[in-house]
Amino acid sequence: MALHFMFHSENVQLWFGVRIVARGMKARGSGGSIVNVSSQASQCAIRDLAVYCATKGALDMLTKGMALELGPHQIRVNSVNPTVVMTERGRLAWSQSEKAKTMMARVPLGRFAEVEDIVNSILFLLSDKSNMTNGVTLPVDGGFLAC
Numbered sequence: 070m071a072l073h074f075m076f077h078s079e080n081v082q083l084w085f086g087v088r089i090v091a092r093g094m095k096a097r098g099s100g101g102s103i104v105n106v107s108s109q110a111s112q113c114a115i116r117d118l119a120v121y122c123a124t125k126g127a128l129d130m131l132t133k134g135m136a137l138e139l140g141p142h143q144i145r146v147n148s149v150n151p152t153v154v155m156t157e158r159g160r161l162a163w164s165q166s167e168k169a170k171t172m173m174a175r176v177p178l179g180r181f182a183e184v185e186d187i188v189n190s191i192l193f194l195l196s197d198k199s200n201m202t203n204g205v206t207l208p209v210d211g212g213f214l215a216c
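Given below as structure tokens:
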């Protein structure tokens, strides 16, 4: 049940949404950029989060597949793959626990991401400064995946 729900909410809904957005971009003929939000968990398994990791891995492949399909229309599709993000919910979950210390020890920059870190990465991928970037899963993880 959890697998079906998470896969649907993480991937199926995104696929339908991208199709709608891409249809408009194709009709205008002006290209564009789509950025999905994935997770570093798509590339590094986390204990007790197998379903989450699997759905994010599928999202990364969906991003790459859409990049291939939409690229000929000058529509770029990429994703950002953050680690823990210190949203209000993130602060509640990760501020005062042994789990947080273990995770933080794997981040060479020694901090979790702030919302602005993710927003700035998304803005870069949406901008013309990344006009040759397509099908990329961009880690925004302070070096977590480098370890």
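The opening residue of the sequence shown carries number 70 in the numbering used here; numbering runs sequentially from there.
Heads up, the beta-carbon is just placed ideally off N, CA and C, and yes, glycines get one too.
Given that a residue counts as buried once 16 or more other Cβ atoms are within 10 Å of its Cβ, and exposed if not, what is residue i?
{"i": "residue 89", "result": "exposed"}
{"i": "residue 125", "result": "buried"}
{"i": "residue 141", "result": "exposed"}
{"i": "residue 135", "result": "buried"}
{"i": "residue 211", "result": "buried"}
{"i": "residue 180", "result": "exposed"}
{"i": "residue 145", "result": "buried"}
{"i": "residue 185", "result": "exposed"}
{"i": "residue 72", "result": "exposed"}
{"i": "residue 82", "result": "exposed"}
{"i": "residue 177", "result": "exposed"}
Taking the C-alpha atoms as reference points, what is the distance between residue i and residue j?
{"i": "residue 188", "j": "residue 156", "result": "12 Å"}
{"i": "residue 116", "j": "residue 168", "result": "11 Å"}
{"i": "residue 166", "j": "residue 159", "result": "12 Å"}
{"i": "residue 104", "j": "residue 195", "result": "7 Å"}
{"i": "residue 100", "j": "residue 199", "result": "13 Å"}
{"i": "residue 197", "j": "residue 127", "result": "27 Å"}
{"i": "residue 175", "j": "residue 96", "result": "45 Å"}
{"i": "residue 137", "j": "residue 204", "result": "7 Å"}
{"i": "residue 91", "j": "residue 84", "result": "10 Å"}
{"i": "residue 162", "j": "residue 215", "result": "24 Å"}
{"i": "residue 87", "j": "residue 193", "result": "19 Å"}
{"i": "residue 102", "j": "residue 133", "result": "13 Å"}
{"i": "residue 173", "j": "residue 152", "result": "10 Å"}
{"i": "residue 121", "j": "residue 191", "result": "22 Å"}
{"i": "residue 75", "j": "residue 114", "result": "16 Å"}
I need the boundaries of the alpha helix (DSSP H) containing residue i, first residue and last residue.
{"i": "residue 73", "result": "71–76"}
Does any C-beta atom of chain C lie closer than 7 Å to the C-beta of residue i?
{"i": "residue 131", "result": "The structure shown has no chain C; it contains just one protein chain."}
**Prompt:** Fully enclosed by the stretch 142–215, which beta strand (DSSP E) runs are 3 residues long or longer?
**Reply:** As far as the stretch 142–215 is concerned, its whole beta strand (DSSP E) runs of at least 3 residues are 144–151 and 206–209.
**Message:** Quick check for students: name the residue ranges of the alpha helix (DSSP H) that lie wholly in the stretch 91–132, counting only runs of 4 or more.
**Reply:** If we require 4 residues or more, the stretch 91–132 turns out to have no alpha helix (DSSP H) run fully inside it.
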